[in-house]
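Chains as they are written, first to last, in my numbering: chain P, 831 to 976; chain F, 831 to 976; chain C, 831 to 976.
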Amino acid sequence: MTASLPRVHGAEIELQTGGGVEIHDLTARVEDVVRASGVVEGIVVVSVSGSTGAVTTIEHEPGLEHDLAAALERLVPRDARYHHDERWGDGNGHSHVRAALVGPSVTLPVREATPVRGTWQQIVFVELDNRPRHRRLPVQVVGVGR
Amino acid sequence: MTASLPRVHGAEIELQTGGGVEIHDLTARVEDVVRASGVVEGIVVVSVSGSTGAVTTIEHEPGLEHDLAAALERLVPRDARYHHDERWGDGNGHSHVRAALVGPSVTLPVREATPVRGTWQQIVFVELDNRPRHRRLPVQVVGVGR
Amino acid sequence: MTASLPRVHGAEIELQTGGGVEIHDLTARVEDVVRASGVVEGIVVVSVSGSTGAVTTIEHEPGLEHDLAAALERLVPRDARYHHDERWGDGNGHSHVRAALVGPSVTLPVREATPVRGTWQQIVFVELDNRPRHRRLPVQVVGVGR
């Protein structure tokens, strides 16, 4: 499948978060960016600029939001001792460690101008900082269009 | 290194899995997709459509399959309490949480029409659901060809 | 945003590591690769060839290097029993499991010939092997240029 025009399209998704472990479903907005990009076949990268949030996929329902938060609290507890907190005093050492483990971006195929994902698989931003944040998430679409 | 033709190629890798933590080596099949794509220099994205499996790289040998399963069981135990299970009753809350942590895709460079990886580093699908699944894994190759 | 020339550029970042959990900031060198690539708008993939290291982003400061190492030691302890070690005797079963969880690559948008990231968010290689390694990290830039 070879098309003629190489295309790269960039956009930002803006979010207001409340801090803590909070999952935001980005799927519809990523689909909008892809549709507007002119890319028919290619890939889409959804990323976070910042080191206390993460991007992944999950079935977005309240039960799993609670379960992922509980798992992260057990794996990287908020109240453990972090050298980061002793140096910088912002109390979010756990946020940085969690974000490095989950990861800063997700890349998915784009086909027929749509990100390829499962029916129950949403593209999500996970707020891991300990305070509300205004987030700007860069989305990049690369591929070929008509 | 600039070549003349932009290329995007998509394919699916199909798998039957047995459930539990099961590692499937995709390397040879991803290499076949890249070779067939016409892309000489670029990238390849291997992803999962679905929220109870993950894609990563590992040395694929039976000892590590056991070790990764044991680590995931310790980190996100199957028999812990998950709100997802109380709502949906399919008993795979642990699968969703594990999948969100490991991640839904891997992106690697393609050079000389081959994915770039280490000798002992295989591209793998990790089945995390609690039952056998038929999986279709989208593979996307983006780059330039001759 | 459509430009006329498709470009793919590959390079290697070489590193000497000391083993253990060691974080190496790759940001400046990735920026150099992107600048040299001729890609103005696109993406960059930073990966590791090898199954005992990982690529992610984190705020690179000594406190968090310690905190990430402590978290990984608690989550996947060096001295637990690994089937990998019983088969292969190199004592780095924990390194392989940690690397599969953190992941082998990071993909970020490129805009105005620069990787898009947060001010305090560095692109890092995490050495997870139990001995010093000479690493060659493939970096691939895909997009369009002038």
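Glycine is no exception: its CB is placed at the ideal position from the N, C-alpha and C atoms.
Going straight from the alpha carbon of residue i to that of residue j, what length do you get?
| i | j | result |
| --- | --- | --- |
| His854 (chain F) | Val869 (chain C) | 35 Å |
| Glu844 (chain P) | Asp862 (chain P) | 13 Å |
| Asp915 (chain F) | Arg941 (chain F) | 44 Å |
| Val936 (chain P) | Gly850 (chain F) | 24 Å |
| Ile888 (chain P) | Asp920 (chain F) | 16 Å |
| Val969 (chain C) | Gly840 (chain P) | 21 Å |
| Ala901 (chain C) | Leu835 (chain C) | 45 Å |
| Trp950 (chain P) | Glu891 (chain P) | 10 Å |
| Val906 (chain F) | Ala858 (chain P) | 29 Å |
| Leu931 (chain P) | Arg865 (chain P) | 31 Å |
| Glu955 (chain F) | Ala929 (chain C) | First, the residue type needs correcting, since residue 955 (chain F) is Phe and not Glu in the sequence shown. Using only the alpha carbons, I get a separation of about 15 Å. |
| Gln952 (chain P) | Leu898 (chain F) | 25 Å |
| Arg911 (chain F) | Gly848 (chain C) | 41 Å |
| Arg963 (chain F) | Gln846 (chain F) | 6 Å |
| Leu967 (chain P) | Asp959 (chain P) | 15 Å |
| Arg917 (chain F) | His896 (chain P) | 12 Å |
| Glu903 (chain C) | Asn922 (chain P) | 20 Å |
| Arg965 (chain C) | Leu856 (chain C) | 12 Å |
| Ala943 (chain P) | Val971 (chain C) | 22 Å |
Give me, in chain order, the residues of the same chain whose beta-carbon lies closer than 7 Å to that of residue i; leave out the 5 immediate sequence neighbours on both sides.
| i | result |
| --- | --- |
| Pro934 (chain F) | Ser877, Val878, Ala884 and Val885 |
| Arg837 (chain P) | Ser867, Gly868, Val869, Gly973, Val974 and Gly975 |
| His926 (chain P) | Ser881, Thr882 and His914 |
| Leu894 (chain P) | Ile888 |
Could one say the Cβ of residue i lies closer than 8 Å to chain F's Cβ atoms, at least one of them?
| i | result |
| --- | --- |
| Thr937 (chain C) | yes |
| Leu958 (chain C) | no |
| Glu861 (chain P) | no |
| Val878 (chain P) | no |
| Ile843 (chain P) | no |
| His914 (chain C) | yes |
| Leu905 (chain P) | yes |
With 8 Å as the threshold, decide whether the Cβ of residue i is near any Cβ in chain P.
| i | result |
| --- | --- |
| Arg917 (chain F) | yes |
| His854 (chain F) | no |
| Ser925 (chain F) | no |
| Val875 (chain F) | yes |
| Met831 (chain F) | At Met831 (chain F) the pLDDT is 47, less than 50, meaning the model places this residue with poor confidence; the figure from the coordinates comes in the next sentence. So no, Met831 (chain F) is outside the interface. |
| Gly883 (chain C) | no |
Tell me which residues share the same chain as residue i and place their Cβ nearer than 6 Å to its Cβ, disregarding the 5 neighbours each side in the sequence.
| i | result |
| --- | --- |
| Glu852 (chain P) | Glu957 |
| Ala833 (chain C) | Confidence at Ala833 (chain C) is low in this model, with a pLDDT of 47, below 50, so the placement of that residue should be treated as unreliable; the coordinate-derived value is given next. Once the five neighbours on either side are set aside, the close Cβ partners of Ala833 (chain C) are Val974. |
| His924 (chain F) | Val906 and Arg908 |
| Arg961 (chain P) | Gly849 |
| Gly948 (chain F) | none |
My output table needs one value for residue i: the three-state DSSP class, helix, strand or coil.
| i | result |
| --- | --- |
| Ala884 (chain P) | strand |
| Thr832 (chain P) | Because the pLDDT at Thr832 (chain P) is just 48, under 50, the model does not fix this residue reliably, and the point stays unresolved. |
| Glu942 (chain F) | coil |
| Ala841 (chain P) | strand |
| Asp862 (chain C) | helix |
| Leu931 (chain C) | helix |
| Leu856 (chain C) | coil |
| Ser867 (chain P) | helix |
| Leu905 (chain F) | helix |
| Gln966 (chain C) | The question names Gln, but residue 966 (chain C) is Arg in the sequence shown. Strand at Arg966 (chain C). |
| Ser925 (chain F) | helix |
| Glu957 (chain F) | strand |
| Arg849 (chain P) | A small correction: the amino acid at residue 849 (chain P) is Gly; Arg does not occupy that position in the sequence shown. Coil at Gly849 (chain P), not helix or strand. |
| Gly973 (chain C) | strand |
| Gly919 (chain C) | coil |
| Gly872 (chain F) | strand |
By Cβ distance below 8 Å, which residues in the same chain neighbour residue i in space, the five residues on each side in sequence not counted?
| i | result |
| --- | --- |
| Val946 (chain C) | Leu938, Pro939 and Val940 |
| Val860 (chain P) | Ile843, Val874, Val876, Pro945, Ile953 and Val969 |
8 Å is my cut-off, CB to CB: does residue i come that close to chain C?
| i | result |
| --- | --- |
| Ala866 (chain P) | no |
| Gly921 (chain P) | no |
| Pro836 (chain P) | yes |
| Gln970 (chain P) | yes |
| His896 (chain F) | yes |
| Thr944 (chain F) | no |
| Ala910 (chain F) | no |
| Val932 (chain F) | yes |
For residue i, return the contacting residues in chain D, with the cut-off set at a CB-CB distance below 7 Å.
| i | result |
| --- | --- |
| Glu889 (chain F) | This model lacks chain D altogether; the protein chains it does include are P, F and C. |
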